[in-house]
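Here's the structure we're looking at; comments come further down.
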Amino acid sequence: MTLLDTRDGAVGRLCIPRWLLVLGGFTALTAIVFWPWLAHLSSALIGPPEDNMQDFWNSWHAATARGWQDFLFTRQIRFPEGTSLAYHSFAWPQVFAVALLSRIFGGDFSTLVALHNLTLLASFPLGAAAMFYLARHLLGDGPGRDAGAAVAGFIFAFNPWHVAQAMHHAHV
Numbered sequence: 047m048t049l050l051d052t053r054d055g056a057v058g059r060l061c062i063p064r065w066l067l068v069l070g071g072f073t074a075l076t077a078i079v080f081w082p083w084l085a086h087l088s089s090a091l092i093g094p095p096e097d098n099m100q101d102f103w104n105s106w107h108a109a110t111a112r113g114w115q116d117f118l119f120t121r122q123i124r125f126p127e128g129t130s131l132a133y134h135s136f137a138w139p140q141v142f143a144v145a146l147l148s149r150i151f152g153g154d155f156s157t158l159v160a161l162h163n164l165t166l167l168a169s170f171p172l173g174a175a176a177m178f179y180l181a182r183h184l185l186g187d188g189p190g191r192d193a194g195a196a197v198a199g200f201i202f203a204f205n206p207w208h209v210a211q212a213m214h215h216a217h218v
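In my numbering, the protein residues as written are 47 to 218.
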């Protein structure tokens, strides 16, 4: 795909892939909705100090684990014997994202807080984009399909239940 659309009547118009517009638009909307938290992205967890503290521990543990043996077992719970984490309530996509990104950006406290918050916030544009494409598929080829799909993406991702759960539970 070329960036310059050269069809008749479209000379000089920039052709941006739809997925980039959808993801970029919903990312901008996420930044607008969560504007008050963006200033504290690396210094405070999103939400009150409740279950999200355990979710942050999960992120920290994943970022500091040296291998699968360390990842699925800890001595920091039930010390000195330790315990298996095979059935622990990890939010697996978030934990893997934080573990991978901490290898790139570092594992200090403020970086881990920022990565934890960013992976929570990523659920909004990713969920909205997924719903956009599902709704677009289900709506068929009728007029207003993209507008209807955008509304469906917004309603799905930015509903009050999702916003409230993001402040408390990473795995929901």
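C-beta: ideal position from N, C-alpha, C; glycine also.
Report yes if the CB atom of residue i is closer than 8 Å to the CB atom of residue j, and no otherwise.
i      : j      : result
Ala198 : Asp101 : no
Phe200 : Ala174 : yes
His232 : Leu91  : The requested residue 232 does not occur in the structure, where the chain is confined to residues 47 to 218.
Thr76  : Pro171 : yes
Leu164 : Phe80  : no
Gly113 : Arg121 : no
Met213 : Pro94  : yes
Between the options, which has its C-alpha nearest residue i's C-alpha?
i      : options                       : result
Met177 : Trp103, Asn163, Ala203, Pro63 : Ala203
Phe155 : Ser88, Thr76, Ile62           : Ser88
Phe117 : Arg124, Phe125, Ser130        : Ser130
His86  : Leu158, Asp192, Asn205        : Leu158
Arg196 : Tyr179, Ala210, Ala212, Asn98 : It is Ala, not Arg, that sits at residue 196 in the sequence shown. Nearest of Tyr179, Ala210, Ala212, Asn98 to Ala196, Cα basis: Tyr179.
Gln115 : Pro189, Ile123, Met99, Ala132 : Ala132
Gln211 : Ala193, Ser169, Pro189        : Ser169
Hey, quick one: how far does the alpha helix (DSSP H) through residue i stretch, first residue to last?
i      : result
Tyr179 : 155 to 185
Gly225 : One cannot answer for residue 225 here, as it falls past the ends of the chain, which runs 47 to 218.
Pro206 : 206 to 212
Pro139 : 138 to 151
Ala203 : 191 to 203
Contact criterion: CB-CB distance below 8 Å. Does residue i meet it with respect to chain C?
i     : result
Leu84 : Absence of chain C from the displayed structure is noted, only one protein chain being present.
So, do the region 136 to 155 and the region 178 to 185 have three or more beta carbon pairs nearer to each other than 8 Å? No, the region 136 to 155 does not touch the region 178 to 185.
Contact between the region 67 to 82 and the region 105 to 114 (3+ Cβ pairs under 8 Å): no
In chain order, which continuous runs of the alpha helix (DSSP H) of length 4 or greater are located wholly inside the region 80 to 128? Within the region 80 to 128, the complete alpha helix (DSSP H) runs of at least 4 residues are 81 to 84, 97 to 110, 114 to 117.
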